[in-house]
Structures are given as structure tokens and as C-alpha cells.
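Trainee: My numbering numbers the first residue of the sequence shown as 118 and each following residue consecutively.
From the three backbone atoms N, C-alpha and C, an ideal C-beta is built for every residue, glycine too.
Bear in mind that the values here come from a model prediction, so they are computed numbers and not experimental data.
My questions all concern the structure below.
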Amino acid sequence: MTSTLTTPAPPGARPAAPPRRRTRILALPEARWALAALVLFLTALPLYLLGAPAWLWGPLFAAVYATGGWEPGWEGCKALREKTLDVDLLMVVAALGAAAIGQVLDGALLIVIFATSGALEAVATARTADSVRGLLDLAPATATRLLPGGGEETVPAGELAVGDTVLVRPGERIGADGRVLAGESEVDQATITGEPLPVARGAGDEVFAGTVNGTGALTVRVERDPSETVIARIVKMVEEASETKAPTQLFIEKIEQRYSIGMVIATLAVFAVPLALGDELRSALLRAMTFMIVASPCAVVLSTMPPLLSAIANAGRHGVLAKSAVVMERLGQIDTVALDKTGTLTEGAPRVTDLRPLPGSGLTDDGLLALAAAAEHPSEHPLGRAVTEAARERRLAVADAAGFASAPGRGVSATVGGHTVQVGSPDRLLPGGAGPVRDAVREVEDAGRTAVVVLRDGSPVGVLGIADRLRPDAAATVAALTELTGRPPVLLTGDNERAAKHLAAQVGITDVRAGLLPQDKVAAVREWEGQGRRVLVVGDGVNDAPALAAAHCGIAMGKAGSDLALETADAVVVRDELATVPAVVRLSRTARRLVVQNLAVAGTFIAVLVAWDLFGTLPLPLGVAGHEGSTVVVGLNGLRLLREAAWKNTSEGDAV
118 MTSTLTTPAP PGARPAAPPR RRTRILALPE ARWALAALVL FLTALPLYLL
168 GAPAWLWGPL FAAVYATGGW EPGWEGCKAL REKTLDVDLL MVVAALGAAA
218 IGQVLDGALL IVIFATSGAL EAVATARTAD SVRGLLDLAP ATATRLLPGG
268 GEETVPAGEL AVGDTVLVRP GERIGADGRV LAGESEVDQA TITGEPLPVA
318 RGAGDEVFAG TVNGTGALTV RVERDPSETV IARIVKMVEE ASETKAPTQL
368 FIEKIEQRYS IGMVIATLAV FAVPLALGDE LRSALLRAMT FMIVASPCAV
418 VLSTMPPLLS AIANAGRHGV LAKSAVVMER LGQIDTVALD KTGTLTEGAP
468 RVTDLRPLPG SGLTDDGLLA LAAAAEHPSE HPLGRAVTEA ARERRLAVAD
518 AAGFASAPGR GVSATVGGHT VQVGSPDRLL PGGAGPVRDA VREVEDAGRT
568 AVVVLRDGSP VGVLGIADRL RPDAAATVAA LTELTGRPPV LLTGDNERAA
618 KHLAAQVGIT DVRAGLLPQD KVAAVREWEG QGRRVLVVGD GVNDAPALAA
668 AHCGIAMGKA GSDLALETAD AVVVRDELAT VPAVVRLSRT ARRLVVQNLA
718 VAGTFIAVLV AWDLFGTLPL PLGVAGHEGS TVVVGLNGLR LLREAAWKNT
768 SEGDAV
């Protein structure tokens, strides 16, 4: 679980980030063939212009056609065999057509520019993939596994299994998600959680693969398979996202085939009509070849995915995983935001603040807490974890429970010591009316805390008060989302109304919908969707999963999020930084603007060049330069979102 580098880090120094993987340009076959074609072209060009014999420059130009055109030509032939007309094949045909009428130089120039454009597209794709694969560098290649007999061995980190015990020496990267068994240290978790300072870690604390150990040694038990670590899930989800296509891209690809067929028919007409009217064969064919080149939709096809994939990769580097290009496009469309309370606006680590056993229950403060902790022990809900953690801190003996059951939005029940114990929402578990339990609930809720009632065999025996810390960036996030959507976010929570309003007032939310069951949250989302709104839901728990699925887009908080919420959501905030939500929405909107810009640039180039060729005399080299130049422009424009500045600018609300 540790790397082989064992040199301790200097005290107080933050370890350097691992080097980012960058694909060498010449490692790409497209780049190698394009370079070969360019070198051959530049060798043949002066010979051709100086009037050298054809046997000198002819083979060189033929080699240009072969090196630069064979790969797109072969791919085009394979597509044609599947009854698909590939634009690449049309470019090669146009180049060969130019050579057939004596325009050898122009055809070779087309091949060189076309091959260079393809190489640039391959480099752009590789750079996006580099950003994804670079996440793998956060985890070390090897780990030090402790053997049962007391020895140790160095093994590949990918071979660690759940239950293995590993040693993490000072200054090393942790190679698997697990829990500390022994030792104390400070761990730099910035790559995973975004926490700016190292955090203390000791026995019982969770640690993550890819984080950096400080000056102490840790013995860690592996709790997740290497393929299921946070880092591995990041890589997997971003890679899956990169393989999807946004609706805009799908629409373009849907019409591309019809457009290409129409372009071929139009090219034949551009050739045949002037020829029938008495034009020369060479002139008519040259005009037709030029038309085929400038009318090809290469730039249009390349307009959509580079901006969206670049945005996905950039967001992934900053801890926000958009699961598909569809999601990245949809995030920029939202106009209404609904936020969960616990684990979303708050840190998701609530603490028990009040213990109120009822008169006649026969329970002390510790007795009430121990009873509730026994019932809550199997629960994954943050409030349940708060109860069990409080009992652990008091070193209370917690009895075993049987028959555990959980009802989202209501609470839990279990059999403890022969008694049926229920722990949950007062609104769901208590009958109406007054009484000591209602008074205790009211006092707790008036103080801005969440009240949890404990029932034993159907009778209330006490009330717990639980408070959660507000996230430091909650107010700023609410303000940013209000600015983005034009309306303040709505708070959807299963918590009581008084506690919810108390928290909402601190962050600037005025629309509070409290005491909601999962189906109530879904109903609210569908109500807004029925009004034509596009809703973004941000949550973390099991009870948020239905709303996350029903919304136009759903974002789950990754650190405390339940597995169901993480699977259901369209995007995951891995580092648990709430401020990244408006940042990724801004990034999505910037990507959408770049898509529109690209389509406008591509459409303008095609329209101008086609009109020039039909109603004037467009030189073939200029047509080639204009067509391929527009393809390069839109490709590079989309790659701007890979820059670090793109995320910083969107976080600050500036345009890229």
C-alpha cells in the first residue's frame, strides 16, 4: 500500500504532486504519418517549383499521397463496406481527383493539411485521455504488505485484497482505501477530499488511496478492492463519460450521413452542369473537387465533443465527476436548484448535543444513548452514525440488535434486549397531541437542532438532539447558484421545519420544504419539471436517490454519500466541496457556448467557401486551407477547457 520511495518528507512540507502523464506526440501513429507526409512534401516542393524533372518530384509527391492518405482512405473504405459514407474518404478522393487533372501539388497540399488536421485531433483526444489517466498517478505502484508471521513483502498495489494489512511509512502515498489499525500521523488528503491542510489520522480512522502520509507510520487494513477505491472509481467514471455522446453530437452524426450523400450528389451536379453547358473538363472537375472539399462537414463534426470532453476532464481533475457528455451538456441547462440539508449544506457529520430521557422511562442519559445506539448501529444514515459515534465516545456498552429495518424518511427499528426499539422522526413516530415528549421535542427544535425520538415497545422513552455543522462554503454556494439560475435554491429535507428554516436562514434560502419523504421530494421535482423548469438536485442519502433520478440532473456529495445516491446521480462531488457545484455548472455553460461558437465558425467557413466556389473561382489550395483551417480552429477552441485557468475562471464567474 506504499510506494517504494521511502525518503521521509521534510517536516511541514507538502509533497509534490505526481508528474502528469503526457502522451508523446510522435507516439501517435497519426502524428508520425502526418510528419512523414509533411517532410516529403517540403522535399518535393522546391524541386517542383524550380522545374526539376518529374522523375525527381513525382515519386516524392506519390509518397505524400501514400503516407498521408492511406490511413483515412483505408478507414473510409471500411466504412463504405458497412454502407457508411465517411468524410475522410471524400477528402482522399478529392485529392486523387486533383492529381488526375494535373493538380498534383494542390492534391498533395490537401493530403498534408488533412493529415495534419487528423494528427491535431488525435493529439487533442490523447491530451483529454492523459488528464484521465493522470489520476492513476495518485496511487503508488507498490505496497508493503505485512505477513501473518511478522514479516513484510512488497507487492503491486493492484494485488491487494480486502483484509490485507499494509504498512505506510512516513512520506509515502497510501495505496488502497482502508482503516488505520495502529499508529498516528497526519495525512494530506487534498487530492481526494480537497481539505487544504493535512488531517490527523489514528486507529479507527479511514484513509484513502492516493493520499500522502506525514511523519508517522501507519498500519492500515485494506477495506476496498483496488478496483473500487475512490481513485479507481474516478478514473472509471470519467473514462465512461468520455465514451458517451451528447445530444448535440448525436444530432450532428444523425444528419452527417444524409449531408454527405447530398454533398456527393451536389458535387456531381457541380461537375456535370458546367460540363453540359460547354465548360472544359479540367475546369469543371477542378471546381467539383474544390466544392467537395469545402462543403465537407469535418469542422461541424468536430465542434461538439472536444469542448464537452475537455470540460469532463477538467472537472474530474477538480473532484467533480460528470458521468457522461450528456450530463456535462445538461448541467449548463439547469434553471432551478434543489438542495438537501444533511450531508449537502451541512458537513454530514452531525453530533449528539442533547440527551433527554423522559420521566418514568427508567433511563439515564447514558441508558437512553445506549438504547438508541443499539438500534441505530447497522444504519448508514448520518444521524444514525452520530448516535453510535456518541455512544462510542462515552465508551458505552451497546447491546446486540436483531431484526433491523430502515424506512427512509421515518427512522429505524430493531429488537434490543427483547424490546422493540424505534428511533426516528417525531412527526412520523409520535401521535398528535401534547405531553412531556412533545415538550422535549419542541425545546430541542426551537434551539435549531434536529429532534430524534426513541420509542420502546411503542412508548416514547426519550428525545435526542442532534446538530450538524454548516459547510463553510454553503452561503457562498447558495449565492452563486442564485446568480446562475436567477432564483434562489430550494431546500428539500426530511428534517423538521424549525431546524430546516433555522439553517436556511443562515445561507440565504427562503423556500424551505421540510418533513419530506423520498416520494415528496420526487413530487416537488416533477412539479417544477411540469412547469418547464430544468431542475438540478444535490443530495447524498438514500432518501435523495429518487429525486436525483427524477431531476433533469442530479449531483451527489461523494464523501458521505450513500452507494445508492452515488450510483443514481449524474455527477459526483468526490472531494465533498460544495462550491464546486456552481463551478461545474459554469464550466458546462462555457462548454455549451464554445459548442455554439464552433458550429457558427464551421458553418460560416462552409457557407463562404461554397458560395465562393459556386459563384466565383476559388483556388483549390485556398479552399483546402480554409476547410482544414476551420477544423483546426474549432478543435483548438474546444481544448481551451483543458487548461487549469478554465476551472479557476468559471469558479470566479468569469467567462473563459
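On a CA-only basis, which of VAL561, LEU546, GLY611 is nearest THR461? Give me that one, please.
Mentor: Looking at the Cα atoms, GLY611 is the closest of the given residues.
Trainee: Spatial neighbours of ALA148 within its chain, please: CB distance less than 7 Å, with the 5 preceding and 5 following residues excluded, ordered by chain position.
Mentor: Here the set comprises ILE142, ALA236, ALA239, VAL240.
Trainee: Pull the bridge partners of VAL690 from the DSSP assignment, please.
Mentor: Bridge partners of VAL690: VAL437, MET674.
Trainee: Please classify PHE231: is it buried, with 16 or more other beta-carbons within 10 angstroms of its beta-carbon, or exposed?
Mentor: Burial call: buried.
Trainee: Check each candidate in ARG651, GLU646, LEU587 and name the one with the smallest Cα separation from ALA621.
Mentor: ALA621 has its Cα closest to that of LEU587, out of ARG651, GLU646, LEU587.
Trainee: By Cβ distance, which residues of its chain are closer than 6 Å to HIS498, with the 5 residues on each side in sequence left out?
Mentor: The answer is none, since no qualifying residue turns up.
Trainee: Count Cβ pairs between the stretch 467-480 and the stretch 432-448 that sit closer than 8 Å; are there 3 or more?
Mentor: They do not touch, by the three-pair rule.
Trainee: Taking only runs of the alpha helix (DSSP H) that begin and end inside the stretch 542-630, which ones reach a length of at least 4 residues, in chain order?
Mentor: For the stretch 542-630, whole alpha helix (DSSP H) runs of length 4 or above, ordered along the chain, are 543-546, 553-563, 591-602, 614-624.
Trainee: Which residue comes first and which comes last in the alpha helix (DSSP H) that contains SER705?
Mentor: Note, SER705: alpha helix (DSSP H), 697-732.
Trainee: If you drop the 5 nearest sequence neighbours on each side, which residues of the same chain put their C-beta closer than 7 Å to that of LEU546?
Mentor: The answer, listed in chain order, is GLY528, GLN539, VAL570, LEU572.
Trainee: Buried or exposed: which applies to GLN220, given that a residue is buried once 16 or more other Cβ atoms fall within 10 Å of its Cβ?
Mentor: So GLN220 counts as buried.
Trainee: Count the other C-beta atoms from every protein chain shown that fall within 10 angstroms of the C-beta of SER420, then say buried if there are 16 or more, exposed otherwise.
Mentor: With 16 or more other Cβ atoms within 10 Å, it is buried.
Trainee: Of all the options HIS536, LEU513, GLU761, which has the alpha carbon lying nearest to the alpha carbon of GLY520?
Mentor: Among HIS536, LEU513, GLU761, the Cα nearest to that of GLY520 is on HIS536.
Trainee: Output the distance between the C-alpha atoms of GLY319 and THR332, rounded to the nearest integer angstrom.
Mentor: So the alpha carbons of these two residues sit roughly 13 Å apart.
Trainee: When you compare the CB positions of PRO543 and VAL558, do they come within less than 8 Å of one another, or not?
Mentor: Yes, Cβ-Cβ distance for PRO543 and VAL558 is below 8 Å.
Trainee: Starting from VAL279, follow the alpha helix (DSSP H) in both directions and report where the run begins and ends.
Mentor: First-last for VAL279: undefined, no H or E at that position.
Trainee: Sorted by chain position, which residues of the same chain lie with C-beta nearer than 6 Å to GLY129's C-beta, five sequence neighbours on each side aside?
Mentor: Residue confidence for GLY129 is low, a pLDDT of 38 falling below 50, so the modelled location carries little weight; the figure read from the coordinates is stated next. The answer is none, since no qualifying residue turns up.
Trainee: Around the C-beta of ASP730, are 16 or more other C-beta atoms found within 10 angstroms, so that it is buried, or is it exposed?
Mentor: It counts as buried.
Trainee: If you pair each beta-carbon of the stretch 372-391 with each one of the stretch 692-700, do three or more pairs fall below 8 Å?
Mentor: No: fewer than three Cβ pairs fall under 8 Å.
Trainee: Taking the C-alpha atoms as reference points, what is the distance between ALA211 and TRP191?
Mentor: About 15 Å.
Trainee: Among residues of its own chain, excluding the 5 on either side of LEU633, which ones have a beta-carbon nearer than 8 Å to its beta-carbon?
Mentor: Taken in chain order, the residues that qualify are GLY526, LEU609, THR610, GLY611, ALA641.
Trainee: Verify the CB distance criterion: does ALA196 have a CB-CB separation below 8 Å to chain B?
Mentor: Absence of chain B from the displayed structure is noted, only one protein chain being present.
Trainee: For my contact list, LEU485 and VAL578 are in at a C-beta cut-off of 8 Å; report their separation, rounded to the angstrom.
Mentor: Contact flag correct, Cβ pair sits at about 7 Å.
Trainee: Our contact map puts ALA708 next to GLY436 with C-beta atoms below 8 Å; I'd like the distance itself, whole angstroms only.
Mentor: That belief does not hold up - the Cβ atoms of ALA708 and GLY436 are roughly 18 Å apart, past 8 Å.
Trainee: So, using beta-carbon positions, are VAL454 and LEU598 closer together than 8 Å?
Mentor: Yes, Cβ-Cβ distance for VAL454 and LEU598 is below 8 Å.
Trainee: Sorted by chain position, which residues of the same chain lie with C-beta nearer than 6 Å to LEU298's C-beta, five sequence neighbours on each side aside?
Mentor: Cβ neighbours of LEU298 beyond the five flanking positions: THR336, ARG338.
Trainee: Mapping the DSSP letters down to three states, classify PRO128 as helix, strand or coil.
Mentor: Only weak support exists for where PRO128 lies, its pLDDT of 37 falling under 50; the coordinates are left without a value.
Trainee: Among THR470, ALA568, ALA492, which residue has its Cα nearest to the Cα of GLU510?
Mentor: Closest option to GLU510, Cα to Cα, is THR470.
Trainee: Leaving out five residues before and five after LEU392 in sequence, what residues of the same chain have Cβ atoms less than 6 Å from its Cβ?
Mentor: Answer for LEU392: ALA401, listed in chain order.
Trainee: In the DSSP assignment, the alpha helix (DSSP H) including ALA518 goes from what residue to what residue?
Mentor: First-last for ALA518: 518-524, but that is the beta strand (DSSP E), not the alpha helix (DSSP H).
Trainee: Is SER427 near LEU758, with beta carbons less than 8 Å apart?
Mentor: Yes; because the gap between Cβ atoms is below 8 Å, this pair is in contact.
Trainee: Would you list the residues sitting across from LEU335 in a DSSP beta bridge?
Mentor: In DSSP, LEU335 forms a bridge with VAL285.
Trainee: Could you give the first and the last residue of the continuous alpha helix (DSSP H) run that contains ASP294?
Mentor: Per DSSP, ASP294 belongs to no alpha helix (DSSP H) and is neither H nor E.
Trainee: Hey, how far is the Cα of CYS670 from the Cα of GLU289?
Mentor: Computed Cα separation, rounded: 38 Å.
Trainee: Does the beta-carbon of LYS638 have 16 or more other beta-carbons within 10 angstroms, so that it is buried, or is it exposed?
Mentor: The residue is buried, with at least 16 neighbouring Cβ atoms inside 10 Å.
Trainee: Which term fits LYS195, buried or exposed, when burial requires 16 or more other beta carbons within 10 angstroms of its beta carbon?
Mentor: It counts as exposed.
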